[in-house]
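Have a look at the structure below, then the notes.
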Amino acid sequence: MAAEPVQTRVAVVGLTLMKPNGNLGKYVIPALAASGFEITVVTREPEKAQELVRSLSGSKAISSDAPIFVVKGDYTTPESLTPTLAGHDSVISLLNRDQTAAQMLVIDATILAGVKHIIPAAFGIDSRNSEVRALPHLAIGYIKSEEHLLKAIADTNGRTSFTIIHNGGFLEWLLQYDLYINLSGQGDEPSMVFDDGNIKVSVSSMVDIGKAVATAVTHRHDERFRDQFLLMHNLAISQNEMLGIAKKILPDKPWPVVKVDTIEAEKKSQEIFDASVASGEKAPASAYHGFFARAFFGKGLGYFPQVDNELLGVKERDVVWLKSLVERYLIV
Numbered sequence: 001m002a003a004e005p006v007q008t009r010v011a012v013v014g015l016t017l018m019k020p021n022g023n024l025g026k027y028v029i030p031a032l033a034a035s036g037f038e039i040t041v042v043t044r045e046p047e048k049a050q051e052l053v054r055s056l057s058g059s060k061a062i063s064s065d066a067p068i069f070v071v072k073g074d075y076t077t078p079e080s081l082t083p084t085l086a087g088h089d090s091v092i093s094l095l096n097r098d099q100t101a102a103q104m105l106v107i108d109a110t111i112l113a114g115v116k117h118i119i120p121a122a123f124g125i126d127s128r129n130s131e132v133r134a135l136p137h138l139a140i141g142y143i144k145s146e147e148h149l150l151k152a153i154a155d156t157n158g159r160t161s162f163t164i165i166h167n168g169g170f171l172e173w174l175l176q177y178d179l180y181i182n183l184s185g186q187g188d189e190p191s192m193v194f195d196d197g198n199i200k201v202s203v204s205s206m207v208d209i210g211k212a213v214a215t216a217v218t219h220r221h222d223e224r225f226r227d228q229f230l231l232m233h234n235l236a237i238s239q240n241e242m243l244g245i246a247k248k249i250l251p252d253k254p255w256p257v258v259k260v261d262t263i264e265a266e267k268k269s270q271e272i273f274d275a276s277v278a279s280g281e282k283a284p285a286s287a288y289h290g291f292f293a294r295a296f297f298g299k300g301l302g303y304f305p306q307v308d309n310e311l312l313g314v315k316e317r318d319v320v321w322l323k324s325l326v327e328r329y330l331i332v
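Under the numbering used here, think of the first position of the sequence shown as 1, with each following residue one higher.
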């Protein structure tokens, strides 16, 4: 009698629920479950993670009998986390990009545990672009963890591989928090439009990011996924195009705009950032707004002219699909 196939075991690390990467958990976990994987959620806050799993089960996003286990992770050292990760086939990090030390620790623990594959928390903008790598908030954090990953993986001589998925903007996050245009103002309050508003940015639905992650785990032994940077988006859209969609939904609203010069915004951010460095204090979140604006909407660094959608099992979408999403955030 042939032996039954061994179920793939996946460890999902980090579910910080108030930032994009952490929010991905409620999309990544259902996608992994739908692929038939056994899932271990490793978190500092198991109670919150259990609550998330229960809500996913209650909403039928996952089956009530899906093999999902929640454990508390010890992030003190790589050695303390290693036993929790041992025995898994893949580790997926949903830590936020600014959690540099924790990200490095997870990478080291993954390799120490003998796990064969890791998807690091590298979602978002394509970090291979030299101008992106020079952005202060990335250079002092995420880029260090990426460099650490590449060296650590190289040192394994092929025993462990990585798949990095860059998805551009997190679409639901951008819409919910008015980071693209002001939807919560319902067409009465102004939207900040950067430069001429015509620069396109690649954006991806979190549902499809979850599907891409599951695809990468499924094909982790495939050379097209081993030690690869893969790009995806559902579509590329400018602020003016997004405003045009909103105006069609609420045509009787004025939809005012405030023009913002991204060069000036970047200068202000640099001043705040430099002052923080000089004082030895951590730069406030406001220090990064101008860097983001210049990178995404000034220089167009958030646009992916070529993507790996087909490889990742992700579809390109159109404005009709996007309009259906935007409608959820507007009172029609």
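Virtual Cβ for every residue (Gly too), placed ideally from N, Cα, C.
From a predicted model like this one, the values you see are computed outputs, not experimental measurements.
Backbone secondary structure at residue i - three-state DSSP
i, result
"Ala-11", "strand"
"Ala-236", "strand"
"Ser-63", "coil"
"Lys-299", "coil"
"Gly-210", "helix"
"Phe-69", "strand"
"His-333", "Residue 333 lies beyond the stretch modelled for the chain, which goes from 1 to 332, so this question has no answer here."
Backbone CA spacing between residue i and residue j [nearest angstrom]
i, j, result
"Asp-227", "Leu-311", "15 Å"
"Asn-129", "Met-104", "21 Å"
"Asp-126", "Asn-167", "8 Å"
"Thr-110", "Asp-308", "26 Å"
"Thr-262", "Arg-133", "18 Å"
"Glu-147", "Val-12", "21 Å"
"Ser-324", "Asp-318", "10 Å"
"Arg-328", "Leu-150", "40 Å"
"Gln-99", "Gly-187", "36 Å"
"Ser-145", "Ile-245", "38 Å"
"Tyr-180", "Gln-239", "6 Å"
"Val-207", "Trp-255", "29 Å"
"Asn-182", "Gln-306", "29 Å"
"Ala-285", "Tyr-142", "15 Å"
"Thr-218", "Ser-202", "25 Å"
Span of the alpha helix (DSSP H), counted from its first residue to its last, around residue i
i, result
"Ala-156", "Just to set this straight, residue 156 is Thr in the shown sequence, not Ala. Careful: Thr-156 lies outside any alpha helix (DSSP H) and carries neither H nor E."
"His-289", "289-293"
"Thr-160", "Segment: none, Thr-160 is in no alpha helix (DSSP H) and carries neither H nor E."
"Lys-200", "Element bounds for Lys-200: n/a, residue is neither H nor E."
Spatially closest choice to residue i from the options, by CA coordinates
i, options, result
"Ala-236", "Phe-304, Pro-251, Lys-299", "Phe-304"
"Asp-108", "Thr-82, Ile-92, Met-192", "Thr-82"
"Asp-178", "Val-10, Thr-8, Gln-7, Leu-330", "Leu-330"
"Thr-156", "Thr-77, Pro-190, Val-115", "Val-115"
"Leu-24", "Tyr-75, Ile-165, Leu-250", "Ile-165"
"Val-70", "Leu-52, Glu-79, Thr-76", "Leu-52"
Span of the beta strand (DSSP E), counted from its first residue to its last, around residue i
i, result
"Leu-231", "228-231"
"Lys-116", "Segment: none, Lys-116 is in no beta strand (DSSP E) and carries neither H nor E."
"Glu-409", "Because the chain in this structure spans residues 1 to 332, residue 409 falls outside the shown range and cannot be described."
"Ile-331", "Neither: Ile-331 is in no beta strand (DSSP E) and is coded neither H nor E."
"Lys-323", "Not the beta strand (DSSP E): Lys-323 falls in the alpha helix (DSSP H), residues 319-326."
C-beta contact flag for residue i and residue j at 7 Å
i, j, result
"Ile-62", "Ile-39", "no"
"Pro-120", "Phe-273", "no"
"Lys-259", "Gly-290", "no"
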